[in-house]
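Just so you know, the sequences run in chain order A and B. Start counting the first sequence at 22; every next residue gets the next number (full-length UniProt numbering). Start counting the second sequence at 22; every next residue gets the next number (full-length UniProt numbering). In this text, a Cβ means the ideal position worked out from N, Cα and C, and glycines have one as well. Read the structure below first, then the notes.
Number of protein chains: 2
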Amino acid sequence: GSALAQSATPMDPLPSWNEGKSKAAIVEFVERVTDQSSPDFVPVAERIATFDNDGTLWSEQPLYFQGLYALDRVRKLAPDQPEWSNTEPFQSVLKGDLKGVMATGMPAIEKLIFATHADISGEEFQTSVRDWLATAKHPQTGLPFTKMIFQPMLELMAYLRANDFKVYIVTGGGIDFVRVFSEGTYEVPPEQVVGSSLDAKFEMTNGIPTILKTGKLDFIDDKAGKPVGIYRHIGRRPIFAAGNSDGDLQMLQYTTIPSDAKDNKPGFGLLVHHTDARREWAYDRDSHIGKLEKALDDAPQQGWLIVDMKDDWSKIYP
Amino acid sequence: GSALAQSATPMDPLPSWNEGKSKAAIVEFVERVTDQSSPDFVPVAERIATFDNDGTLWSEQPLYFQGLYALDRVRKLAPDQPEWSNTEPFQSVLKGDLKGVMATGMPAIEKLIFATHADISGEEFQTSVRDWLATAKHPQTGLPFTKMIFQPMLELMAYLRANDFKVYIVTGGGIDFVRVFSEGTYEVPPEQVVGSSLDAKFEMTNGIPTILKTGKLDFIDDKAGKPVGIYRHIGRRPIFAAGNSDGDLQMLQYTTIPSDAKDNKPGFGLLVHHTDARREWAYDRDSHIGKLEKALDDAPQQGWLIVDMKDDWSKIYP
Ligand SMILES: [Ca+2]
Ligand SMILES: [Ca+2]
């Protein structure tokens, strides 16, 4: 009929995904949950999708980019902190000795986080991150960090949104850090970012309403913390979750494993597997960043899609 | 012209608001921030509105309705807790001695909260609240609690949504409690509810992903906690905030007072003043529930609208 004659081939919503079983599995799921005649149809209000950030939406080597921000911030603040020149971990940072920093362990890392993320107002922190993102370059690629995002994942988020999903970022990184660029870079508004946080308090400072980030850890949105962060912020279980490491294991369990015998809500789990040493990095079980082991082992049994960056993606960065 | 001739009088978006300065102030603000040619135009993404719940969207006398839920829950659980018959505050609850409960003070109230809200999975808690709301009646009006909501405020939220505001509830009450009915009662989805919370943890229990509410207080979303809750959940300052008590003072400050000399974002603060002893309740400075004193005193100077329930509303409940 004329209606059919008029309908052109629809535009490919995932042009940077090579044809194959990964792309087919994603499209099949989205069509199934949005087809009113399907037994797996999911109402719009419940189409929640959650994406990890580091290693899932952008690169994370040789160090989480927020870690690189912290190191640059130490260098920037150092002139006002003379005692740092002989105090660890600052001393090692200032000498450019990253291994020395790492060797000082978790308490040192926490000191770095507090020195660079706390005792500052929310607005000042935002400005600092925004300024850094505008000028900082990745030590190996020379690219601005917001250009080291994964084009296929941008397309996937846009495809889900076009199908009335509400797309969230659920990151082990700092919620305040990611919110600075989430809207401009990923089209994810700040209120759809869940992440780790320091405590904050509200004060009227000289008559000005101020949110002050304090030096106390509030919440770590990683591993078993991810479902808790989702529960707190969203209050519904996602039906689609994407990650790249064992930090996402529990989020994928929460998304895809039925909560009781009557629960027949469909759920899709996706793992980005870093397999492309030429165009990006290749790592999994032995990496100190983005270690992927347990989730990789569980994926076949749980039916989680393992995306092979090398084979499945025709393009990495935009 | 014919275009003008065709344009009928637009439907009144606030039919339960009497004509007068309150209604006019609301309409004037909404028209101003949504008019592209106005210097106060606010882009859609930044049109965040936050509403307190108890006393702002529904009644709160003689006790917060969540408190009445807790008392009913104690009665329901009592057969399995024989020691409650001679332990305060449970003993007083079971005797129906509300004054006795109150007299035992905050530690007793906390005991009640933990006994009725903790050591339970998120899903079990939801079911319990849903069942209670379906059958419980208010001790004085005999109405189901979800019928004791304010029709004018429903219209106000719908009016804001029609003007592309994202409407949130920011409640001192429990986030998990309010989320059970927010979508059905107020058209506010669970992800747009901010509230007080207990800690939660995620576990795989016999292979089932489970969120367990624990007996540790996580966050009190009241007074200076409200701007912090907004900062955490939304990550932007609202441009419209409505409350009814001193618990909302800081939220109104955060919404309406410029954050620096360059900040010219418009902000609207609204206080529901309970002045109608005949149709609802009349109380403010001396009330043990919903005490309104400092915010009432500050309102004229800050330009906050004080809504007089008796004079401004032609209808209270739907
Ligand atoms: Ca990751
Ligand atoms: Ca209130």
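- Item | Nearest-residue set for ligand 1, Cβ under 7 Å from any heavy atom | Working through the chain, the matches are A/Asp73, A/Asn74, A/Asp75, A/Gly76, A/Thr77, A/Glu81, A/Gly193, A/Gly264, A/Asn265, A/Ser266, A/Gly268, A/Asp269 and A/Gly311.
- Message: For a test of the three-state rule: what should DSSP assign to B/Thr226, helix, strand or coil?
- Response: Sequence index remark: in the second sequence, residue 226 of chain B carries index 205 (1-based). DSSP places B/Thr226 in strand when its eight states are reduced to three.
- Message: When you compare the CB of B/Asp140 with every CB in chain A, is at least one pair closer than 8 Å?
- Response: By 1-based counting over the second sequence, the position of residue 140 of chain B is 119. Not an interface residue.
- Message: Would B/Phe198 pass as an interface residue toward chain A - the criterion being a Cβ-Cβ separation below 8 Å?
- Response: In the second sequence, counting from the first residue as 1, residue 198 of chain B sits at position 177. For B/Phe198, not one C-beta of chain A is nearer than 8 Å to its own C-beta.
- Check whether the region 95-108 of chain A touches the region 284-304 of chain A, taking contact to mean three or more Cβ pairs, one atom from each stretch, closer than 8 Å. Judged by pairs of C-beta atoms under 8 Å, the region 95-108 of chain A does not touch the region 284-304 of chain A, as fewer than three such pairs exist.
- Query: What residues from chain B crowd round A/Ser266, counting only those whose CB sits closer than 8 Å?
  - Reply: Here residue 266 of chain A is taken as the residue at index 245 of the first sequence, counted from 1. The contact set of A/Ser266 on chain B, defined by CB atoms closer than 8 Å, is empty, because the minimum CB distance reaches about 17 Å.
- Should A/Thr148 be labelled buried (16 or more other beta-carbon atoms within 10 Å of its own) or exposed? For the purposes of this step, residue 148 of chain A is taken as residue 127 along the first sequence, with counting starting at 1. Exposed, because fewer than 16 other Cβ atoms sit within 10 Å of the Cβ of A/Thr148.
- Indicate whether residue 12 of chain A and A/Asn39 have their beta-carbon atoms separated by less than 8 Å. It is not possible to answer for residue 12 of chain A, since the shown part of chain A is limited to 22 through 339.
- Query: Given that B/Asp281 touches chain E, what residues does it touch there, using C-beta distances under 9 Å?
  - Reply: In the displayed structure, chain E is absent; the protein chains listed are A and B.
- Task: Give the residues from the region 107-126 of chain A that approach chain B closer than 8 Å (Cβ to any Cβ), ordered along the chain.
- Result: The residues in question: there are none.
- Message: Residues in the same chain with beta-carbon distance under 8 Å from B/Leu25, minus the five sequence neighbours each way, listed in chain order, please.
- Response: Translated into the one-based positions of the second sequence, residue 25 of chain B becomes position 4. A caution first: B/Leu25 carries a pLDDT of 49, below 50, which makes its placement in the model too unreliable to give a value.
- Query: Cβ of A/Ser149 less than 8 Å from any chain B Cβ?
  - Reply: For the purposes of this step, residue 149 of chain A is identified with residue 128 of the first sequence, where counting begins at 1. Cβ-Cβ to chain B under 8 Å: no for A/Ser149.
- With distances taken between CB atoms, is the gap from B/Trp153 to B/Tyr90 smaller than 8 Å? Along the second sequence, read from residue 1 onward, the residue named residue 153 of chain B stands at position 132. Along the second sequence, read from residue 1 onward, the residue named residue 90 of chain B stands at position 69. Yes, the pair counts as a contact, with Cβ atoms nearer than the cut-off.
- Would you tell me roughly how many angstroms separate the C-alpha atoms of A/Ala179 and A/Glu52, rounded to the nearest one? The count along the first sequence starts at 1 and reaches residue 179 of chain A at position 158. The count along the first sequence starts at 1 and reaches residue 52 of chain A at position 31. Each residue's alpha carbon lies about 15 Å from the other.
- Task: For A/Ala221, go through chain B and note every residue whose CB falls closer than 8 Å to its CB, in chain order.
- Result: By one-based count along the first sequence, residue 221 of chain A stands at place 200. Residues of chain B passing the Cβ test: Val249, Tyr252 and Arg253.
- Cβ-based contacts, 8 Å cut-off: residues of the region 199-212 of chain B near chain A: Going along the region 199-212 of chain B in chain order, one finds Arg200, Glu204, Pro210, Pro211 and Glu212 with a Cβ nearer than 8 Å to chain A.
- Pull up the CB-CB distance for A/Trp302 and A/His295, whole angstroms please, since I reckon it's below 8 Å. Taking the first sequence and counting its residues from 1, the one referred to as residue 302 of chain A is at position 281. Taking the first sequence and counting its residues from 1, the one referred to as residue 295 of chain A is at position 274. Indeed they touch by this definition, with Cβ atoms about 6 Å apart.
- Task: Could you tell me whether any Cβ in chain B is nearer than 8 Å to the Cβ of A/Met178?
- Result: Position 157 of the first sequence, counting from 1, holds the residue named residue 178 of chain A. Chain B, which has no Cβ nearer than 8 Å to the Cβ of A/Met178, makes this no.
- Query: Which whole runs of the beta strand (DSSP E) in the region 228-301 of chain B are 3 residues long or more, in chain order?
  - Reply: Secondary structure within the region 228-301 of chain B: the beta strand (DSSP E) runs of 3 or more consecutive residues, fully enclosed, are 229-240, 261-264 and 289-296 (chain order).
- Query: Nearest chain A C-beta to B/Gly41 closer than 8 Å, yes or no?
  - Reply: Taking the first residue of the second sequence as position 1, residue 41 of chain B is located at position 20. Not an interface residue.
- Message: What does the alpha-carbon distance come out to for the pair B/His238 and B/Ser59?
- Response: Numbered from its first residue, the second sequence carries residue 238 of chain B at position 217. Numbered from its first residue, the second sequence carries residue 59 of chain B at position 38. Looking at the sequence shown, residue 238 of chain B is not His but Leu. In this structure, the straight-line span from the alpha carbon of B/Leu238 to that of B/Ser59 is close to 45 Å.
- By DSSP, does B/Gly126 sit in helix, in strand, or in coil? Mapped onto the second sequence, residue 126 of chain B falls at position 105. The answer is helix: DSSP assigns B/Gly126 an H, G or I state.
- Check each candidate in B/Met330, B/Pro279 and B/Asp281 and name the one with the smallest Cα separation from B/Tyr304. Within the second sequence, numbered from 1, the residue matching residue 304 of chain B stands at position 283. The residue with the shortest Cα to Cα distance from B/Tyr304 is B/Met330.
- Spatial distance of B/Val65 from A/Val209 (CA atoms): Within the second sequence, the letter at position 44 stands for residue 65 of chain B. Within the first sequence, the letter at position 188 stands for residue 209 of chain A. Inter-residue distance for B/Val65 and A/Val209 is about 14 Å (C-alpha atoms, whole angstroms).
- Task: Spatial neighbours of A/Tyr338 within its chain, please: CB distance less than 8 Å, with the 5 preceding and 5 following residues excluded, ordered by chain position.
- Result: Working through the first sequence from its first residue, we reach residue 338 of chain A at position 317. Excluding sequence neighbours, A/Tyr338 sits near Leu164, Lys168, Met169, Ile170, Phe171 and Gln172.
- Does the Cβ of residue 14 of chain A have 16 or more other Cβ atoms within 10 Å, making it buried, or fewer, making it exposed? Nothing in the structure corresponds to residue 14 of chain A, since chain A is present only between 22 and 339.
- Message: Assess contact between the region 244-259 of chain A and the region 219-228 of chain B, defined as three or more Cβ pairs (one per stretch) separated by less than 8 Å. Is contact present?
- Response: These segments touch.
- Give the interface partners of B/Ala66 over in chain A, defined as CB-CB distance under 8 Å, in chain order. As a working mapping, residue 66 of chain B is identified with position 45 in the second sequence. By Cβ distance, chain A contributes Glu204 and Pro210.
- Task: Mark B/Gln82 as exposed unless 16 or more other C-beta atoms lie within 10 angstroms of its C-beta, in which case mark it buried.
- Result: Counted from its first residue, the second sequence places residue 82 of chain B at position 61. The C-beta of B/Gln82 has 16 or more other C-beta atoms within 10 Å across all chains shown, which makes the residue buried.
- Collapsed DSSP secondary structure at B/Gly193 in the structure displayed: Within the second sequence, the letter at position 172 stands for residue 193 of chain B. In the structure shown, B/Gly193 sits in a strand (DSSP, three-state: E or B).
- Query: Under the three-state reduction of DSSP, which class applies to A/Trp105: helix, strand or coil?
  - Reply: Position 84 of the first sequence, counted from the first residue, corresponds to residue 105 of chain A. In the three-state scheme derived from DSSP, where H, G and I count as helix and E and B as strand, A/Trp105 is classed as helix.
- Query: Roughly how many whole angstroms lie between the Cα atoms of B/Ser218 and B/Asp140?
  - Reply: Residue 218 of chain B sits at position 197 when you count from the first residue of the second sequence. Residue 140 of chain B sits at position 119 when you count from the first residue of the second sequence. For B/Ser218 and B/Asp140, the distance between alpha carbons rounds to 13 Å.
- Task: Determine, using beta carbons only, whether A/Arg257 comes closer than 8 Å to chain B.
- Result: Position 236 of the first sequence, counted from the start, is the residue given in the question as residue 257 of chain A. Yes, A/Arg257 counts as interfacial toward chain B.
- Task: Would you grab the beta carbon distance between residue 17 of chain B and B/Asn265 for me? Rounded to a whole angstrom, and I think it's under 8 Å.
- Result: Since the first residue of chain B shown is 22 and the last is 339, residue 17 of chain B is not available in this structure.
- Task: Can you have a look at B/Ser106 and say buried or exposed, based on whether 16 or more other CB atoms are within 10 angstroms of its CB?
- Result: Stepping through the second sequence from its first residue, residue 106 of chain B is reached at position 85. With fewer than 16 other beta carbons inside 10 angstroms of its own, B/Ser106 counts as exposed.
- Task: Answer with yes or no whether the minimum CB distance from B/Gln323 to chain A is below 8 Å.
- Result: Position 302 of the second sequence, counting from 1, holds the residue named residue 323 of chain B. Answer no: the Cβ-Cβ gap between B/Gln323 and chain A never drops below 8 Å.
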